[in-house]
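In order, the protein sequences belong to chains A and B.
Read left to right, the first sequence gives residues 1 to 467 (the UniProt record's numbering).
Read left to right, the second sequence gives residues 1 to 467 (the UniProt record's numbering).
There are 2 protein chains.
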Amino acid sequence: MNTYKRLDQDDLKNITAFINRDRILWDNEINEEYSHDELSAKQHYPDMVVRAVSTEEISKLMHYASENHIAVTPRGAGTGLVGASVAIEHGIMLDTTLMNHFIELDEQNLTLTVEPGVLLMELADYVEKHGYLYPPDPGEKSATIGGNISTNAGGMRAVKFGVTRDYVRGLEVVLADGTIMTLGGKVVKNSSGYDLKDMIIGSEGTLAIITKAVLKLLPLPKKSVSLLVPFPTLAEAIRAVPPIIKSKAVPTAIEFMEREVIMDAEEYLGRKFPDNQADAYLLLKFDGNSMEEIASYYDKVAQICLQQGAIDLLIADTDERAESIWKARGAFLEAIKSSTTMMDEVDVVVPRSLVHNFVEYIHQLQSEMQIRIKCFGHAGDGNLHAYILKDQLSDEQWDKILNLTMDKLYSKARSLNGNVSGEHGIGYAKKEYLRNSVSDKAVVLMQGIKKVFDPLDILNPHKVCQE
Amino acid sequence: MNTYKRLDQDDLKNITAFINRDRILWDNEINEEYSHDELSAKQHYPDMVVRAVSTEEISKLMHYASENHIAVTPRGAGTGLVGASVAIEHGIMLDTTLMNHFIELDEQNLTLTVEPGVLLMELADYVEKHGYLYPPDPGEKSATIGGNISTNAGGMRAVKFGVTRDYVRGLEVVLADGTIMTLGGKVVKNSSGYDLKDMIIGSEGTLAIITKAVLKLLPLPKKSVSLLVPFPTLAEAIRAVPPIIKSKAVPTAIEFMEREVIMDAEEYLGRKFPDNQADAYLLLKFDGNSMEEIASYYDKVAQICLQQGAIDLLIADTDERAESIWKARGAFLEAIKSSTTMMDEVDVVVPRSLVHNFVEYIHQLQSEMQIRIKCFGHAGDGNLHAYILKDQLSDEQWDKILNLTMDKLYSKARSLNGNVSGEHGIGYAKKEYLRNSVSDKAVVLMQGIKKVFDPLDILNPHKVCQE
């Protein structure tokens, strides 16, 4: 067992020599927020929080941490769901939210260079104002781009545009020993040695600290239309997705949602959803440069939905109508959370042709386990979010039922050739399930890679593949 | 220095126990082709060539090789340009070209599962027949998909669609010790531990042997138009590209070409290029689902080209006209090769806004070094192919001038924040230039990763980052 140095007054003094004291939180200056992420059951306080403002500061800090064998937990906005940004070994929490500058919009290369603390919503506003799109679109808009890169976040537009990984052209990172390294750049192609950049993306702060990112942008589509399609049952809604994909129409997003979750969102937001006639809905979005182009897609998709049993078709071609629907969609996580005492989640991804199997299994498991499971997600890319709710269960009952339910859900995902996480990551909470879903040899490779990048295991210990 | 076992009659006997003798080439059964790739100056014969037909065979072979410390060089069609598929340490050459089956077209998940020996041209035909597009489009259509994945091949459509990496959803690989491993799958998103799949992609057969690939497909665009634009000079042609990118039109491809190279292609193909009025050309392609959609793009681009000094605009909206142009483009490498006695290449990639700097430097270097350098490439994604020609130089002069020219070209690329290889890889020939272009620490990380995957260094030794 690796033991880490806990910080004392000497460390505070030493670190204050290269980091301004007013950007160091120490002892009771450390807010409760820093002891958990969005979903942690347990609190873990770091000994110190450092709010860095530059790559050089982070380099010095990592050098100090490696010399003194101090655990360092990088953290963006703390919106994660799997404990990746929780300081299990105390030590230093490295908060990058003050590094939130837009460094360069390069319109000749279609790249945007940013610091890691820029929030997703700020990024979206910035590029749209300049006529560009940064396609990854996770529900949590107050996450940082650094956090999004660290989990390879996906979001709703993955059906058409892919995930965060597909939009990171270059990174500047600081390694565990303080080395500053640039990976990739503004270049469109690269076959120059092993792909260290993609190894960092999705590594949840365990291999290096992201201090700068060069993102790929697309021209902003001029028009978009959303289509809300009510179905009698969720099974019918989800079964309509493979024929849509097969039809060669290319929706930007295909989300599924159930009445119960929509009702939670109505209550949470204090506003009505535009439709209430059905138990289940598909919500589709189409983008393009002209209404004719988009219409050719959604006409075809509308036909397919009706053939598959859709009750109605609601076209949201004004900003207001579309916003009221997508706002509800965006509030699902918070709405479900506020409907119960405690919850945990699975974020599995399965081949998109098999989403209905998984959803039917969830329904069956609810009765079998006598527990509420709320579910919504990305029907178009096979990534489901299922939330298991504690409600009035005792802590003891909850632990037992939760573990059993989790085991069953992940085991079902494996049987469908799915993976543990589509976009939330592994962090601390899903380590055991990752272990069960990949081979022992794959874990050995991951641990070997961890050791290459961070031989002292000081960067975000006990996460992803580490004991 | 690692020493490898050379194969003897006992090895032949042992390997024949699990590989059919008629798929083993031994001694003088080994064709000269297997001693080099498309551009090697020196011959290196393997002791044995194994033409594998299954993952299980490859697993057994790697197990045998690791037990006996035999070097193994994986090889597809041998069309590489940097020596990655050359058996420097003799040993076993593992030829995967007989593993050339289409395993599954999954239209609900838009994936195609193939064996590694499928040729790029076969793949293109197959998916187009079913109404799909596999976007990566390298010039060398007789390369295997396994080779393409191993170099992260790019090609002409990268401007719009990206590179091979972006279209590999899953891999089955055999590790150096014979372990069979599946990475990724049909899933669209994945945040389940470190990204081993992307580590294999572009690793040029040094980390694992690819035995199966799940590729992502797109619906085939219904229409396409090519635009050939003559310019008075290459500099003017290339300077038109950044304004095109900035205009938010999205061409599928933007290639540049010079009269001299076109003349080589005319001679090589024995047919005339459709235009001969200019010293330099841009060749653009636009794809879409209707002519209206495409016209809106190329009208804008045509205006920009004229503003930037284009002499004329030639629209190829029939298959015949387009084919005659793209056929010439496809023959450039062979045509240049046949115009000289020997050549070597650089495949640098620079930010696309800086391509003109690099091309101007090449022109200057030609006079400075008194050597012919032919150049063409992907103006839209910053990836240039420059060929340095030996012509009538003596071997001694050639070695000297080639080395000096190479040093200068790579040094220029570095100064433009470029990378050593956009799509051809590092292999054996570009190792030294990779070393000069990345930090020592990056090389240490790469070598560490190599050791994790292949601790005995038997897989394709002396390539990419290894001594």
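Here a beta-carbon is modelled for each residue, glycine too, at the ideal position from N, C-alpha and C.
- Residue contact with chain B for Leu-409 (chain A): absent (no Cβ-Cβ distance below 8 Å to any residue of chain B).
- In terms of beta-carbon proximity, Asn-31 (chain A) stays away from the interface with chain B, with every pair separated by 8 Å or more.
- In the same chain as Ile-311 (chain A), and ignoring 5 residues on each side of it, the C-beta atoms closer than 6 Å to its own belong to Pro-230, Ala-278, in chain order.
- Inter-residue distance for Arg-271 (chain B) and Ala-280 (chain B) is about 19 Å (C-alpha atoms, whole angstroms).
- Scanning A:Arg-352, A:Leu-227, A:Val-127, A:Glu-345 for the CA closest to the CA of Arg-321 (chain A) turns up A:Leu-227.
- A straight line joining the alpha-carbon of Asp-454 (chain A) with that of Ala-52 (chain A) spans about 21 Å.
- Taking 7 Å as the cut-off between beta carbons, the residues of the stretch 233-249 of chain A near chain B are Pro-242, Ile-245, Lys-246, Lys-248, in sequence order.
- Inside the stretch 218-293 of chain A, DSSP marks whole alpha helix (DSSP H) runs of 4 or more residues at positions 234-239, 241-246, 259-269, from first to last along the chain.
- For Arg-6 (chain B), no Cβ of chain A is located within less than 8 Å of the residue's own Cβ.
- Contact of His-424 (chain A) with chain B is assigned, a C-beta pair being separated by under 8 Å.
- For the set A:Met-369, A:Asp-381, A:Thr-73, the Cα lying nearest the Cα of Trp-398 (chain A) is the one of A:Met-369.
- As for any beta strand (DSSP E) of minimum length 3 sitting wholly inside the stretch 131-215 of chain B, the runs are 168-174, 180-184, ordered along the chain.
- The C-alpha of Leu-196 (chain A) is placed about 20 Å away from the C-alpha of Pro-461 (chain B).
- For Asn-383 (chain B), the enclosing beta strand (DSSP E) covers residues 383-389.
- If you look at Ile-362 (chain A), you'll find it in the alpha helix (DSSP H) that goes 355-369.
- Remark: C-beta atoms of Val-50 (chain A) and Asp-95 (chain A) approach each other more closely than 8 Å.
- One alpha carbon belongs to Gly-427 (chain B), the other to Trp-326 (chain A), and they sit about 49 Å apart.
- Beta-bridge pairing by DSSP links Ile-88 (chain A) to no other residue.
- Residues of the stretch 79-111 of chain B with a Cβ closer than 9 Å to any Cβ of chain A, in chain order: Asp-106, Glu-107, Gln-108, Asn-109, Leu-110, Thr-111.
- Ile-371 (chain A) and Lys-390 (chain A) have their C-alpha atoms roughly 8 Å apart.
- Between Asn-289 (chain B) and chain A, the shortest Cβ-Cβ separation is below 8 Å.
- Residues Pro-221, Lys-223, Ile-294 of the same chain have their beta carbon placed closer than 7 Å to that of Gly-288 (chain A), with the five preceding and five following residues left out of the count.
- A Cβ-Cβ distance of about 4 Å is found for the pair Leu-81 (chain A) and Leu-39 (chain A), placing them in contact under the 8 Å criterion.
- From the listed residues B:Glu-104, B:Gln-108, B:Asp-106, B:Pro-116, the smallest Cα separation to Leu-98 (chain B) is found for B:Pro-116.
- Around Leu-393 (chain A), the same chain offers Ile-401 as residues with beta carbons nearer than 7 Å, after the five sequence neighbours per side are excluded.
- In this structure, Tyr-126 (chain A) places its C-beta atom within 8 Å of the C-beta atom of Phe-102 (chain A).
- By DSSP's assignment, Asn-419 (chain A) forms a beta bridge with A:Val-349.
- The continuous beta strand (DSSP E) containing Phe-102 (chain A) extends over residues 102-106.
- Assigned with DSSP and collapsed to three states, Lys-412 (chain B) falls in helix.
- Under the 8 Å criterion on CB atoms, Glu-293 (chain A) is classed as interfacial with respect to chain B.
- Proximity of Ser-353 (chain A) to chain B, defined by a Cβ-Cβ separation below 8 Å, is satisfied.
- Going by beta carbons, Tyr-268 (chain B) and Leu-215 (chain B) fall outside the 8 Å limit.
- With 16 or more neighbouring CB atoms inside 10 Å of its own CB, Thr-211 (chain A) falls in the buried class.
- With respect to chain B, the C-beta atom of Cys-305 (chain A) has no partner C-beta closer than 8 Å.
- By the neighbour-count definition (other C-beta atoms within 10 Å, threshold 16), Asp-264 (chain B) is a buried residue.
- Secondary structure of Leu-313 (chain A) (DSSP, three-state): coil.
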